[in-house]
Structures are given as C-alpha cells and as structure tokens.
Amino acid sequence: MAGCLAARVLADRFESVTVVEQYERPGPGERRRGVPQENHVHLLLVRGREILEAFYPGFVAELEALGACSADLSADIRCQHYGLWKDRWETGICAHYCSRALLDRVARERTERLAGVRFAYGTKAVGLAAGAEGRVRGVRVAGARPGELEAELVVDASGGGSRAAKWLNEIGFRAPSIETVPSRLGYASRIYRRHPEFAGRWKVLLLLPDPPKTRRLGVVSPIEGDRWMVTLGGCHGDYPAPRTEDFLRFAKELPSGELHDVISRAEPLSPVSGYGMRGGVRIRFEHASEWPAGFLMIGDAISRFNPFYSQGLTVCAMEADALRGRLERGADPAGADALAVQRAVAAASEPAWNAAKSEDLRFSADGARPIRLRLLHWYTAHAARAAAVDREIATRSLRVTNFLDGADTLLGFSSASRVLAASVARSLESRRPQT
Ligand SMILES: Cc1cc2nc3c(=O)[nH]c(=O)nc-3n(C[C@H](O)[C@H](O)[C@H](O)COP(=O)(O)OP(=O)(O)OC[C@H]3O[C@@H](n4cnc5c(N)ncnc54)[C@H](O)[C@@H]3O)c2cc1C
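For the sequence shown, counting from 1, position 420 maps to 409 in this note's numbering; every step adds exactly one.
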C-alpha cells in the first residue's frame, strides 16, 4: 500500500516512477506471499479513506462496486469494550469494510494507470547504490533482470521486513536508532459465509478487551462476496494457534459467547490463518545525525503498530500525504532536504504511534509505568466506559481514533467533566441494592 501511495505522490513531481515488487502481479483471488497479513481483518480508518479518495477520485465508489460494505461506526457495530456493550445510534461516521486484498487491488490498479508509473514485478530490491558525496543514486535489484535501477530518489516501502538499516550501513551510513514496544501478539483468522440470521442485527461484531484484566479480542467483519472475515487475537502470548480446534476454543472463551455462537452456525470458507508479531517498532529519525540525499522510507518500513488499533494503512496514507505536502512546498528529498522530508513523513504517524504505545503499555505492571501514564490510563479507561452510554464522548472518541480530530479533544474540560459524571453515575448504579 505505501509503495502505491508514494508512487501516486511522486508521479506528480517526477517524469517516471518505477514500483519494484519482489513477487509477480497477483492473479484474481490469489493470496500474496509478500503481504501475509492480508488474511486477517483490515479496517481502513476514516482519515485513511479520505486521503485515498483524494489521491484516487472515485476510490470509494469503486470499492463499493466491488462489494465493500459501508457501516456506521456506532449504529452498525455491536461492540463490547471494558466489559460493557456500547449503545448504538447513527453518528454519520462510516467506514468501509472489505478484505485487505480488495483495498490493495483498487489502489494498485489506480496506480498502474497513472502516466509515468511502471511496475517491475518479480524484482527484489537487495541494496542501495551509492553515488558521489553521500547520496543514493539507485537501487540494486535481483530477479528476472538483476542489476541496478538508477533513480534520483529511492523510497523504501518494503514493509516490516525492510532491510534499510543494513543497506544504509553498506553505503557507509549509520542507521537511526529504533524504539520497540513488546506486546507478543498473535491473530488467527478464518473466512465464513455471511449468515442471514445476523444480517438485521449488526454489520460488525466487535469484542474488545477489558484491560488489563483481559487481553483478547474477536471480530466478525463483512468482506466482499457476502462473506465474513473472523479474526481472533490477543497479546502477551494469549492468542490462538492457527488450528481449527484452537480457534473455536478461543472464541468460546471470550467474555461474550456471541461470536462463538455466530461461527458455530456459519459455513467456513477457508482454513485458519495465523500471524505473530513481537510488538511495535519505530525508527527514530529525530535522533539521526546523517542521512543520504535521494533516500526515503515510508509505511511499515518506518513503524509497525499493534494491529489492534487498525492504524497501519491510515498511517501509510497520512505519511504519503505529508510527503505530498512537502513536495508541493518545493522541498527536495533528492537533495539537501532529504532528512527534513524524512522527518516530516515520519512525524505524520507520531500521534498514531503514541496512541498505540500508550495502549500497549496498559498491559504492563504498575511499577513499569510512570505515574503520568498511569493517570492517563485511568482516565482513558473511564472515557472508554463513558463512551458506552454518552453519545458525545462516543462521537468524540470515534473522531479521535479515526484521526479526524486530535487526542486533545478528549482531554479538555468539557470531555473530562462528562467522563467523570458518567463514572460517578456508574459507581452509584453499581452500589444500588439489586431487587
Ligand atoms: C494481522 C494484522 C492485521 C492488521 N490489521 C490492520 C487493520 O485493520 N487496519 C490497518 O490499517 N492496518 C492493519 N494492519 C497493518 C497493515 O497491514 C500495515 O500497516 C500495512 O500493510 C503497511 O503497508 P506497507 O505498504 O508499508 O507494507 P506491506 O503491506 O507489508 O507491503 C510491503 C510490500 O513490499 C514488498 N517487498 C518487501 N520486500 C521487498 C523487496 N526487498 N523488494 C521488492 N519488494 C519488496 C512486499 O512483497 C509487499 O508487497 C494489520 C497488520 C497485521 C499484521
């Protein structure tokens, strides 16, 4: 995804853009080896969708024509979080649900049609070609036509497996430091035929953890072809193995039996796929003292997030949009502005990284969390509980998690007073004698 979006932006500035992809162009319905995460639920957040629509006018209509389903993020979602079922009503904040493969296909086909853009499939990038005076002058490739592709600017969009640190070392640069947030998470997913019985009740069933007590999630999410993508996951080692019996057992052990009920009745259409990840990783470009002109990184190559928060694709879009902004203002990543542009691209994903990191640390022991973070966790847990019943807080939370507003929205007086009022009301309610 990041490669297509970068190509889309660069095509406005450069005469020709080549997208180098290690595998062959996928045929219809073919699983892609380079993107194994596509076998799991992929939600494109609202900000990400807005950017994709701006980059490729008609993108959303094309998704819908190919079977993506629009869902109001409150009215159409049956969601349990912090042990509470959320109230549901029309917010007008809608997301499109489909498979990751479909999102990538539409973005890829739109990018392939751009003037000046060409795709080199079956071509693997294996290193950088160094030019004079500490600049990159191309990329070394293996595959059908091994050799060197000369370029004014090389963009690494090779995802979480990026070898940029090694490549930089090979041409005499010290790679920037990295930050990690261990979370040892795993997903297991299976595709089912959508069962008509549930159609009128909800479009998405979402069971989120009650942290730090529980670390598991489960989601039934619509994808094209009248199917459901069902994903179960958890962190700190608490996730299912990619085996049918483990999948069903894990679903049964979730705090609500609803998801298990759904998959017990629906017809499975695929085997169970698994995915494991050690945790979040982010390159800290602000600590970089040197950086070659003519080289940029984008997408998962810069940072990989805990997928619980559905941020990765939107982050790719926000970074590409930041690159577009810098280029429009005349910055030259192929020359003196290389590090400044790289920092601006990475800065676009800083809010997402901070939010994901903060949530991941919620599962750490008290002693490992500074007092400020513990206070933030206390407050945001109460905000999430308030969002189950308070429509204003729920709407503000949706706008923040979809990157339509900044996190400050939930921290101001007006939000804090509502969150605390909801918390007091819940506490009084729980003390009322049961009849
Ligand atoms: C289980 C799981 C669930 C997720 N769910 C969501 C979600 O709900 N919402 C969301 O927004 N994000 C989600 N994400 C994150 C999302 O998948 C990533 O953020 C996104 O794929 C990043 O895109 P990318 O283009 O940077 O990298 P990738 O999608 O990994 O693409 C990298 C591409 O580079 C190619 N490549 C790699 N190395 C080379 C090389 N040397 N030469 C040539 N080509 C190469 C690969 O073949 C591939 O095509 C999830 C991630 C996981 C693991």
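The beta carbon of each residue, even a glycine, is placed where N, CA and C say it ideally should be.
Could you pull out every unbroken beta strand (DSSP E) segment of at least 3 residues lying fully inside the segment 171 to 250, listed in chain order?
193 to 196, 205 to 212 and 216 to 223
When every heavy atom of ligand 1 is checked, does at least one fall within less than 8 Å of the C-beta of residue 69?
On the sequence shown, residue 69 is found 80 positions in, with the first residue counted as 1. Checking every heavy atom of ligand 1 against the Cβ of residue 69, none is found closer than 8 Å.
Pull the bridge partners of residue 58 from the DSSP assignment, please.
Sequence index remark: in the sequence shown, residue 58 carries index 69 (1-based). Partner(s): 86.
Mind checking which residues open and close the alpha helix (DSSP H) that includes residue 136?
Locating residue 136 in the sequence shown gives position 147, counting from the first residue. Taken as a continuous stretch (DSSP letters only), residue 136 belongs to no alpha helix (DSSP H), being part of the beta strand (DSSP E) at 136 to 139.
Mind checking who residue 113 pairs with in its DSSP beta bridge?
As a first step, residue 113 is located in the sequence shown; it is residue number 124 there, counting from the start. DSSP, once it has assigned bridges, lists 131 as partnering residue 113.
Might you give, ordered along the chain, the residues of its own chain that have their beta carbon closer than 7 Å to the beta carbon of residue 233, omitting 5 neighbours on each side?
As a position in the sequence shown, residue 233 is number 244, starting the count at 1. Contacts found: 261.
Report the CB separation of residue 89 from residue 27 in whole angstroms; it is logged as a contact under 8 Å.
The residue you call residue 89 lines up with position 100 of the sequence shown. The residue you call residue 27 lines up with position 38 of the sequence shown. About 4 Å; that satisfies the 8 Å criterion.
Of the choices 270, 102, 125 and 24, whose alpha-carbon is the least far from that of residue 91?
The residue you call residue 91 lines up with position 102 of the sequence shown. Closest option to residue 91, Cα to Cα, is 24.
Quick one: is the Cβ of residue 289 within less than 8 Å of any heavy atom of ligand 1?
For the purposes of this step, residue 289 is identified with residue 300 of the sequence shown, where counting begins at 1. Yes.
With a CB to CB cut of under 6 Å and the five nearest residues on each side skipped, what residues in its chain are close to residue 322?
For the purposes of this step, residue 322 is taken as the residue at position 333 of the sequence shown. Cβ neighbours of residue 322 beyond the five flanking positions: 142, 285 and 330.
From the DSSP output, in three-state form, read off residue 281 for me.
As a working mapping, residue 281 is identified with position 292 in the sequence shown. Of the three classes helix, strand and coil, the one that applies to residue 281 here is coil, per DSSP.
Can residue 268 be considered in contact with ligand 1, in the sense that its beta carbon sits closer than 8 Å to one or more heavy atoms?
In the sequence shown, the residue the question calls residue 268 occupies position 279. Incorrect: residue 268 has no Cβ contact closer than 8 Å to ligand 1.
On the DSSP letters alone, give me the boundaries of the beta strand (DSSP E) that residue 349 sits inside.
Reading the sequence shown from its first residue, position 360 is the one you call residue 349. Run containing residue 349: none in the beta strand (DSSP E); it sits in the alpha helix (DSSP H), 339 to 350.
Roughly how many angstroms lie between the CA atoms of residue 194 and residue 241, to the nearest whole one?
For the purposes of this step, residue 194 is taken as residue 205 along the sequence shown, with counting starting at 1. For the purposes of this step, residue 241 is taken as residue 252 along the sequence shown, with counting starting at 1. Residue 194 and residue 241: Cα-Cα distance of roughly 15 Å.
Looking only at its own chain, which residues have a Cβ that is under 6 Å from the Cβ of residue 177, when we skip the five neighbours before and after it?
On the sequence shown, residue 177 is found 188 positions in, with the first residue counted as 1. Only 221, 229, 231, 236, 261 and 263 meet the Cβ criterion.
I'd like to know whether the C-beta atoms of residue 248 and residue 208 end up nearer to each other than 9 Å.
Within the sequence shown, numbered from 1, the residue matching residue 248 stands at position 259. Within the sequence shown, numbered from 1, the residue matching residue 208 stands at position 219. Yes, they are a contact pair.
Select from -9, 250 and 378 the residue whose C-alpha is nearest the C-alpha of residue 186.
Against the sequence shown, residue 186 aligns to sequence position 197. Closest option to residue 186, Cα to Cα, is 250.
Assuming residue 300 is part of the alpha helix (DSSP H), what are its boundary residues?
Position 311 of the sequence shown, counting from 1, holds the residue named residue 300. Taken as a continuous stretch (DSSP letters only), residue 300 belongs to no alpha helix (DSSP H), as it is neither H nor E.
Any non-hydrogen atom of ligand 1 within 8 Å of residue 100 CB
Locating residue 100 in the sequence shown gives position 111, counting from the first residue. No, since every heavy atom of ligand 1 falls outside the 8 Å radius drawn around the Cβ of residue 100.
Could you tell me the distance, in whole angstroms, from the CA atom of residue 76 to the CA atom of residue 63?
To locate residue 76, count along the sequence shown from 1; it is residue 87. To locate residue 63, count along the sequence shown from 1; it is residue 74. Roughly 8 Å separates the two Cα atoms.
If you check the beta carbons only, do residue 56 and residue 214 fall under 9 Å apart?
For the purposes of this step, residue 56 is taken as residue 67 along the sequence shown, with counting starting at 1. For the purposes of this step, residue 214 is taken as residue 225 along the sequence shown, with counting starting at 1. Yes, Cβ-Cβ distance for residue 56 and residue 214 is below 9 Å.
From residue 3 to residue 106, what distance separates their C-alpha atoms?
The sequence position of residue 3 within the sequence shown is 14, counting from 1. The sequence position of residue 106 within the sequence shown is 117, counting from 1. Roughly 10 Å between the two C-alpha positions.
Which runs of the beta strand (DSSP E) fall wholly inside the segment 253 to 280 and span at least 3 residues, in chain order?
262 to 272
Just checking my contact of residue 328 with residue 277 at CB under 8 Å: how many whole Å lie between their CB atoms?
For this step, residue 328 is matched to residue 339 along the sequence shown. For this step, residue 277 is matched to residue 288 along the sequence shown. That belief holds up - the Cβ atoms of residue 328 and residue 277 are roughly 6 Å apart, short of 8 Å.
Within 8 Å, do at least three Cβ pairs link the segment 132 to 142 to the segment 92 to 103?
no
Helix, strand or coil, according to DSSP, for residue 310 in the structure here?
Within the sequence shown, numbered from 1, the residue matching residue 310 stands at position 321. In this structure, residue 310 counts as helix in the three-state DSSP scheme.
Cβ-based burial, residue 155 [other Cβ within 10 Å; buried from 16]:
Taking the sequence shown and counting its residues from 1, the one referred to as residue 155 is at position 166. Its Cβ having fewer than 16 others within 10 Å, residue 155 is exposed.
Classify residue 192: buried if its beta carbon has 16 or more other beta carbons within 10 angstroms, exposed otherwise.
Taking the sequence shown and counting its residues from 1, the one referred to as residue 192 is at position 203. With 16 or more Cβ atoms within 10 Å of its Cβ, residue 192 is classed as buried.
From the DSSP output, in three-state form, read off residue 122 for me.
By 1-based counting over the sequence shown, the position of residue 122 is 133. DSSP places residue 122 in coil when its eight states are reduced to three.
Of the listed residues 153, 372, 128 and 340, nearest to residue 409 (C-alpha basis):
Within the sequence shown, residue 409 is the residue found at index 420, counting from 1. Comparing Cα-Cα distances from residue 409 to each of 153, 372, 128 and 340, the minimum goes to 372.
Should residue 32 be counted as a contact of ligand 1 given a C-beta to heavy atom distance under 8 Å?
Here residue 32 corresponds to residue number 43 of the sequence shown, with the count starting at 1. Checking every heavy atom of ligand 1 against the Cβ of residue 32, one is found closer than 8 Å.
Looking at the structure shown, is residue 430 part of a helix, part of a strand, or coil, going by DSSP?
Nothing in the structure corresponds to residue 430, since the chain is present only between -10 and 424.
Decide if residue 297 is buried, meaning its Cβ has at least 16 other Cβ atoms within 10 Å, or exposed.
The sequence position of residue 297 within the sequence shown is 308, counting from 1. Buried, by the Cβ-count rule.
How should residue 334 be labelled, buried or exposed, when 16 other C-beta atoms within 10 angstroms of its C-beta is the threshold for buried?
Locating residue 334 in the sequence shown gives position 345, where the first residue counts as 1. Classification of residue 334: buried, given that the 10 Å Cβ count is 16 or more.
Going by the C-beta, is residue 112 closer than 8 Å to any heavy atom of ligand 1?
Start at 1 with the first residue of the sequence shown, and residue 112 comes out as number 123. Answer for residue 112: yes, Cβ within range of ligand 1.
Distance between beta carbons of residue 398 and residue 385, contact taken as under 8 Å:
Counting from 1 along the sequence shown, the entry for residue 385 is found at position 396. Counting from 1 along the sequence shown, the entry for residue 398 is found at position 409. 5 Å between Cβ atoms; contact.
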